[in-house]
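These notes concern the structure reproduced below.
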Amino acid sequence: MRVGHSYGLVGLGKVAVPQISRVQCEVLGYSPYPNGLDFAFLSMGADSTHPMLKELAAMSKLVIKGSRSRGKGRQPVVQGLSMPLVSFLQKKVRKVALLSPSWQACIPLAVLILLVGGMAASAQDAPPSVEEVAADLRVGLDTMWVMIAAMLVFFMNAGFCMLETGFCRQKNAVNILTKNLVVFAMSTIAYWIIGFGLMFGNGSPFMGTEGLFFLSGADNSPATLDAYEGAYAALNWTGIPLLAKFFFQLVFAGTAATIVSGAVAERIKFIDFLIFSLLLVGIAYPITGHWIWGGGWLASLGFWDFAGSTVVHAVGGWAALMGAAFLGPRLGKYNSDGSVNAIPGHNIAIATLGCLILWLGWFGFNPGSTMSVSWLIAHIAMTTNTAAAFGGAAATITAWVVLGKPDASMIINGILAGLVAITAPCAFVPIWAAAIIGAIGGTIVVFAVLFFDRIKIDDPVGATSVHLVNGIWGTLAVGLFSVGPDVQVGQDVLYTAGPAAGLFMGGGIGQLWIQFLGTISVGGFTVLLSTIFWLALKALSGIRVSEEEEMVGLDIGEHGMEAYSGFLKDTSDVTSRSVGSTTSSTGIASHY
299 MRVGHSYGLV GLGKVAVPQI SRVQCEVLGY SPYPNGLDFA FLSMGADSTH PMLKELAAMS
359 KLVIKGSRSR GKGRQPVVQG LSMPLVSFLQ KKVRKVALLS PSWQACIPLA VLILLVGGMA
419 ASAQDAPPSV EEVAADLRVG LDTMWVMIAA MLVFFMNAGF CMLETGFCRQ KNAVNILTKN
479 LVVFAMSTIA YWIIGFGLMF GNGSPFMGTE GLFFLSGADN SPATLDAYEG AYAALNWTGI
539 PLLAKFFFQL VFAGTAATIV SGAVAERIKF IDFLIFSLLL VGIAYPITGH WIWGGGWLAS
599 LGFWDFAGST VVHAVGGWAA LMGAAFLGPR LGKYNSDGSV NAIPGHNIAI ATLGCLILWL
659 GWFGFNPGST MSVSWLIAHI AMTTNTAAAF GGAAATITAW VVLGKPDASM IINGILAGLV
719 AITAPCAFVP IWAAAIIGAI GGTIVVFAVL FFDRIKIDDP VGATSVHLVN GIWGTLAVGL
779 FSVGPDVQVG QDVLYTAGPA AGLFMGGGIG QLWIQFLGTI SVGGFTVLLS TIFWLALKAL
839 SGIRVSEEEE MVGLDIGEHG MEAYSGFLKD TSDVTSRSVG STTSSTGIAS HY
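According to the working numbering, the residues represented by the sequence shown are 299 to 890, in order.
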């Protein structure tokens, strides 16, 4: 056996271990000494007959024999594992010995701190329980659903933009678009500053007084029911963060203000509309909303409005009605003998697109009002869609019979009428009742449009007919078709907390009376405040543009631009036809 030319000894404790070559290591098989110490290898001399090597060989045989006798399958020790570790520790001990006594005393303290810190971190990183994980998951799912639904409702602003612009004349398109765009900005400001606090803050049965400004009230959401401790207890039934609650309610408030835009279109001053929107969303809407959704006096009586037929649509409709009345009709709308002239909308295509966007947004409006994930979402989506479908079909038939043509604008408003009507009872009625509610809504909207035209309430888009009339109808429908608490519909109980059974469901007139009382109360208060707001604006600056500006168009007069710059302009502002005759653009003369 050939080995190196040098040799030496390495001392480990009290044992002197010969250093041998890697080749000799193969002979030894990396076996440990009986005392547990491993060989450490260096190159050795070339003379393999050296007495030290002979002695080492004899020792290796004994070691190999002993290791085999202790059992088979023992794994060889890794080369050079222990010695470098011991050498490393020895060097560190020597370095510590060079430190001053005060520094040496700090070493045990540092080790103690590291051990305690590690134990604390281990305690903090303890895995959560199954119940904690389930609760966090529930909050996350509910929050995600509410935010998605709120974004769908927000997208309804695009639908209102398209609908109102299409139903109005080309020369006023920029004005309509700008109002619908900026109204949500005004609503956000007013509702954040004071509206949300008035509506949902703890306080009197009339309005909220706690946490009034800037969402400043105490809140421990998403805690619910008795666990909730905060200023907005009216919303303690939903387990989502406060900002999610606010955003969802904000998009509803913005919808109420947008309703007014269509009814006062083509003749209101832009600045006055903005100021009125701030007042409506900041004061009028939140107070009546507190009565119903904020735990106010109507809620204590048992008034129910699931998603806002009264809270949102009727309030917006009442405000729109008063605005249209104080503004007066557009130039050329009525002849000297009181007959009605048609003022056709300029683009039925984008109005139809607006209707479809609103239809889509309503699947956030109604199902989202659950403010949690449950099977009820599917039921509400189905009642919502069914009412819209039957509303559109009923309006088609009614317009065809009454006006002689299946007018497209009436079909659009019929669909929207069905949606508004089902908004209050969507969670309380079976599917077949939703069909009836929608069909009645689609029928009465046609007659409502003709009625308001005849009493000289000029509403270019039919906002009062859709939102006010059908908001009232939907609210009353709760007292007619609600199934009652703990009643099974299909495979599940529809609701446990809600309105009593309606008149047509064997419950008597009690719930219907409460719904009627709430309707007239909210209507009377909204009319009062809206009248004050409109008269104040009229006295301060006037709310209507000049005749010259109205004839030229509000795009140029109010905004200094055109929606269709470079395109051929339609110079026929008014089509002189009487009620009942038709035009080529909208189908009826009395509507637009």
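Every residue gets a Cβ at the ideal spot worked out from N, C-alpha and C, and that includes glycine.
Remember, it's a predicted structure, so these values are computed and weren't measured experimentally.
Nearest-angstrom Cβ-Cβ length linking residue i and residue j, presumed shorter than 8 Å
i	j	result
I734	C653	With 8 Å as the limit, I734 and C653 do not qualify as a contact, their Cβ atoms being about 22 Å apart.
L649	L810	A small fix is needed here, since residue 649 is Ala in this sequence, not Leu. No, A649 and L810 are not in contact; Cβ-Cβ is about 35 Å, not under 8 Å.
G696	V744	The question names Gly, but residue 696 in the sequence shown is Thr. 4 Å between Cβ atoms; contact.
I720	T682	6 Å
V759	A563	7 Å
F271	A722	Nothing about residue 271 can be read from this structure; the chain reaches only from 299 to 890.
W616	V825	5 Å
E860	D853	5 Å
M680	V444	Contact flag wrong, Cβ pair sits at about 20 Å.
G659	G457	6 Å
I297	T684	Not covered by the structure: residue 297. The range shown for the chain is 299 to 890.
G796	A647	The pair is not a contact, with the Cβ atoms about 41 Å apart (cut-off 8 Å).
N473	E856	6 Å
Among the options, the one whose alpha carbon lies nearest that of residue i
i	options	result
T762	H611, L577, L541	H611
S707	I641, I807, V437	I641
I557	T486, L540, L578	L578
G864	Q468, D635, A432	Q468
F624	R436, D524, A529, D756	D756
S819	R392, L599, S519	L599
A715	C466, A691, F465, N534	A691
L838	I573, G515, P425	I573
G515	G769, F494, R392, C466	F494
G643	A834, K754, D705	D705
G892	G626, L835, S607	Because the chain spans 299 through 890 in this model, residue 892 falls outside it and cannot be assessed.
D635	T536, W660, K754	K754
P503	W589, Y793, L548, G464	W589
L835	I569, I405, N518	I569
S519	D440, A471, L396	D440
T522	I770, V409, A433, V699	A433
S637	D751, Y489, Y583, G777	D751
Y862	A693, R392, A471	A471
M442	G662, F453, K703	G662
C724	A532, P399, D603	D603
Short Cβ contact (8 Å threshold) for residue i with residue j
i	j	result
W657	L717	yes
G689	I655	no
V251	F726	Absent from the structure is residue 251, since the part of the chain shown begins at 299 and ends at 890.
G580	A447	no
R565	V843	yes
F550	V451	yes
V481	G552	yes
A622	A561	yes
F511	I487	no
L540	L513	yes
V571	K477	Correcting the residue type first, residue 571 is Phe in the shown sequence and not Val. Against a cut-off of 8 Å, the Cβ pair of K477 and F571 comes out as a contact.
V437	I538	yes
G840	K567	yes
N639	N633	yes
Y530	G509	yes
T773	G816	yes
N664	A605	yes
H765	G858	no
M484	L576	yes
A687	G736	yes
L479	C466	no
L412	Y489	no
G740	A693	yes
Contact test: residue i Cβ vs the ligand GTP heavy atom, cutoff 7 Å
i	result
N470	As presented, the structure is devoid of all ligands, the ligand GTP included, so that no description of it is given.
Query raised in the report: Along the chain, which unbroken stretches of the beta strand (DSSP E) at least 3 residues long are found entirely within the region 778 to 819?
Result: Within the region 778 to 819, complete beta strand (DSSP E) segments of at least 3 residues are not found at all.
Query raised in the report: Should the region 799 to 807 be regarded as contacting the region 589 to 604, the criterion being three or more beta carbon pairs within less than 8 Å?
Result: Three or more Cβ pairs closer than 8 Å define a contact, and the region 799 to 807 falls short of that threshold against the region 589 to 604.
**Report entry** the region 837 to 855 contacting the region 812 to 820, beta-carbon criterion three pairs below 8 Å
**Finding:** No, because fewer than three Cβ pairs between the region 837 to 855 and the region 812 to 820 fall closer than 8 Å, the two stretches do not touch.
Report task. Please confirm if the region 495 to 511 is in contact with the region 532 to 552, defined as three or more CB-CB distances below 8 Å between the two stretches. Result -> At 8 Å Cβ cutoff, the stretches touch.
Query raised in the report: With contact counted as at least three CB pairs below 8 Å, one residue from each stretch, are the region 823 to 833 and the region 766 to 785 in contact?
Result: Output reads no: the region 766 to 785 does not touch the region 823 to 833.
Query - Those runs of the alpha helix (DSSP H) which lie wholly inside the region 410 to 482 and span at least 4 residues - result: Fully enclosed alpha helix (DSSP H) runs of 4 or longer: 428 to 465.
Query raised in the report: Fully enclosed by the region 493 to 546, which alpha helix (DSSP H) runs are 4 residues long or longer?
Result: The region 493 to 546 contains these whole alpha helix (DSSP H) runs: 494 to 498.
**Report entry** Ranges of the alpha helix (DSSP H) found wholly within the region 701 to 752, counting only runs of at least 4
**Finding:** Taking only runs of at least 4 residues, the alpha helix (DSSP H) segments lying wholly in the region 701 to 752 are 706 to 721, 729 to 752.
**Report entry** Those runs of the beta strand (DSSP E) which lie wholly inside the region 553 to 614 and span at least 3 residues
**Finding:** The qualifying runs do not exist here; there are none.
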